[in-house]
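Shown next, in structure tokens, is the structure this report addresses.
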Amino acid sequence: MSQFPEFEVVPAVDMQDGEVVQLVQGERGTEKTYGDPVEAAERWVDEGARTLHLVDLDGAFEGERKNAPAVDAILDAVDVDVQLGGGIRTADDAVDLLDRGVDRVILGTAAIERPEIVEEISESHSESVMVSLDAKEGEVVVSGWTEGTGLDPAEAATRYEELGAGAILFTDVDVEGQLDGVQTETVRRVVDAVDIPVVASGGVATLDDVAALREAGAAAVVVGTALYEGRFTLREALAV
Numbered sequence: 019m020s021q022f023p024e025f026e027v028v029p030a031v032d033m034q035d036g037e038v039v040q041l042v043q044g045e046r047g048t049e050k051t052y053g054d055p056v057e058a059a060e061r062w063v064d065e066g067a068r069t070l071h072l073v074d075l076d077g078a079f080e081g082e083r084k085n086a087p088a089v090d091a092i093l094d095a096v097d098v099d100v101q102l103g104g105g106i107r108t109a110d111d112a113v114d115l116l117d118r119g120v121d122r123v124i125l126g127t128a129a130i131e132r133p134e135i136v137e138e139i140s141e142s143h144s145e146s147v148m149v150s151l152d153a154k155e156g157e158v159v160v161s162g163w164t165e166g167t168g169l170d171p172a173e174a175a176t177r178y179e180e181l182g183a184g185a186i187l188f189t190d191v192d193v194e195g196q197l198d199g200v201q202t203e204t205v206r207r208v209v210d211a212v213d214i215p216v217v218a219s220g221g222v223a224t225l226d227d228v229a230a231l232r233e234a235g236a237a238a239v240v241v242g243t244a245l246y247e248g249r250f251t252l253r254e255a256l257a258v
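Residue numbers for the sequence shown follow our numbering, so the first one is 19 and each next one is one higher.
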């Protein structure tokens, strides 16, 4: 697990219309804003983050990366690993981002619709693709969590590992953004299905949730709302 040699807590910087936001269950109209993306990124790095999780929500919903200027500014401002998702639809788009300094590209809809894109990118940028498997009621969903695919998360994870994915991002949409706690059963199933790192996301509200996901085998956990709402500090989470 060269990407995450030790368990990490990864702060989320989700962007919409140039601002940091957090959504409830990925639904537009539920967002709460938290200011400037660069300031947020610098804050988390100052508090000890070794990786940042960036999402262009406009790109995820509309297929066009509207927050590219903010992403470029973050890349210039920080010196930690950056993983980016949202609106990356082609291998050329992904390679361009990797060449510009993004460490991992996160592919969701694109990987579901055209699995061979994972293989294409991995040929020139080994272990640089993180496939995002977002699950709602046990089914992988795409297009900003609005469309079902009929895919089982663990089975899908195995498929993408075979295609060259360097990591899996598993998001539990059922608990995402609600601060009601995590569900670990599906996380364990995905972890057991593959040998590559599985990064868990969704529902973290307490330090116990962070510990539970670590115990479930996750290589890292992405945390958004709980950090922005001050449920705990990043330093406290890193101490877990």
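All residues carry an ideal CB built from backbone N, CA and C; glycine is no exception. Since the structure is predicted, the reported quantities are computational estimates derived from the model, not experimental observations.
* Which residues in the same chain as serine 144 place their Cβ atom closer than 8 Å to its Cβ, once the five residues preceding and following it in sequence are excluded? -> The residues are Gly182 and Gly184.
* **Alpha-carbon spacing of valine 28 relative to glycine 166, whole angstroms** => Between valine 28 and glycine 166, the C-alpha separation is close to 27 Å.
* Could you give the DSSP three-state label for glycine 220: helix, strand or coil? => In the three-state reduction of the DSSP assignment, glycine 220 falls in the coil class, being assigned neither a helical nor a strand state.
* Asked: Regarding arginine 206 and the ligand NAD, is the C-beta to nearest heavy atom distance less than 6 Å?
  -> Among the components of this structure there are no ligands whatsoever, and the ligand NAD is therefore not found.
* To do: Round the Cβ separation of isoleucine 139 and alanine 112 to the nearest angstrom and send it over; I've been treating them as touching at under 8 Å.
  => Rounded, the Cβ-Cβ distance is 5 Å, consistent with contact.
* To do: Please report the residue range of the beta strand (DSSP E) in which threonine 69 lies.
  => For threonine 69, the uninterrupted beta strand (DSSP E) run begins and ends at 69 to 74, by DSSP.
* Please report how far the alpha carbon of threonine 51 lies from the alpha carbon of glycine 242, in whole angstroms. => Rounded to the nearest angstrom, the gap between the Cα atoms of threonine 51 and glycine 242 is 12 Å.
* Asked: Less than 7 Å separating the beta-carbons of valine 208 and aspartate 152?
  -> Contact flag unset, no.
* Are the beta-carbon atoms of alanine 174 and valine 159 separated by less than 7 Å? -> No.
* Mind checking who arginine 122 pairs with in its DSSP beta bridge? => Answer by DSSP bridge pairing, in chain order: Gln101.
* To do: Please list, in chain order, all residues of the same chain as methionine 19 whose beta carbon is under 8 Å from its beta carbon, the five residues on each side excluded.
  => Low local confidence applies: a pLDDT of 46 at methionine 19 is under 50, so the model's placement there is unreliable, with the coordinate-based value given in what follows. The beta carbon of methionine 19 sits closer than 8 Å to those of Ile214, Pro215 and Ala237, all from its chain and outside the five residues before and after it, given in chain order.
* To do: Return the first residue and the last residue of the beta strand (DSSP E) that leucine 151 is part of.
  => For leucine 151, the enclosing beta strand (DSSP E) has its first and last residue at 147 to 154.
* To do: Could I get the ranges of all uninterrupted alpha helix (DSSP H) runs contained in the region 173 to 214, with 4 residues as the minimum, in chain order?
  => Runs found: 203 to 211.
* Just tell me which of Phe250, Thr176, Gln21 and Glu49 has its CA closest to the CA of valine 212. => Ranked by Cα distance from valine 212, the options Phe250, Thr176, Gln21 and Glu49 are led by Thr176.
* Under 8 Å by Cβ, that's how I've got aspartate 76 and asparagine 85 pegged, so tell me the actual separation to the nearest angstrom. => The beta-carbon separation of aspartate 76 and asparagine 85, rounded to 6 Å, stays under the 8 Å limit for a contact.
* To do: Give the DSSP-derived three-state secondary structure of alanine 244 in the structure shown.
  => In the three-state scheme derived from DSSP, where H, G and I count as helix and E and B as strand, alanine 244 is classed as helix.
* Nearest to glycine 103 by alpha carbon, out of Val147, Asp117 and Glu254? -> Checked all of Val147, Asp117 and Glu254; the closest Cα to glycine 103 is Val147.
* Status (buried if at least 16 other CB within 10 Å, exposed otherwise) for aspartate 58 -> Correcting the residue identity first, residue 58 is alanine in this sequence and not aspartate. Looking at its Cβ environment, which holds 16 or more other Cβ atoms inside 10 Å, alanine 58 is buried.
* To do: Would you decide whether threonine 48 is buried or exposed? Buried here means 16 or more other CB atoms lie within 10 Å of its CB.
  => Classification of threonine 48: exposed, given that the 10 Å Cβ count is below 16.
* **Spatially closest choice to threonine 204 from Thr224, Ala230, Val258 and Asp198, by CA coordinates** => Comparing alpha carbon positions, the residue from Thr224, Ala230, Val258 and Asp198 closest to threonine 204 is Ala230.
* Asked: Does the separation of the CB atoms of valine 258 and glycine 221 fall below 7 Å?
  -> It is not a contact, given that the beta carbons lie outside the stated cut-off.
* To do: Can you say whether glycine 105 is buried or exposed, counting buried as having 16 or more other CB atoms within 10 angstroms of its CB?
  => Glycine 105 should be labelled buried.
* Asked: When DSSP labels each residue in this structure, what does alanine 236 get in the three-state scheme?
  -> Note: alanine 236 maps to coil in three-state DSSP.
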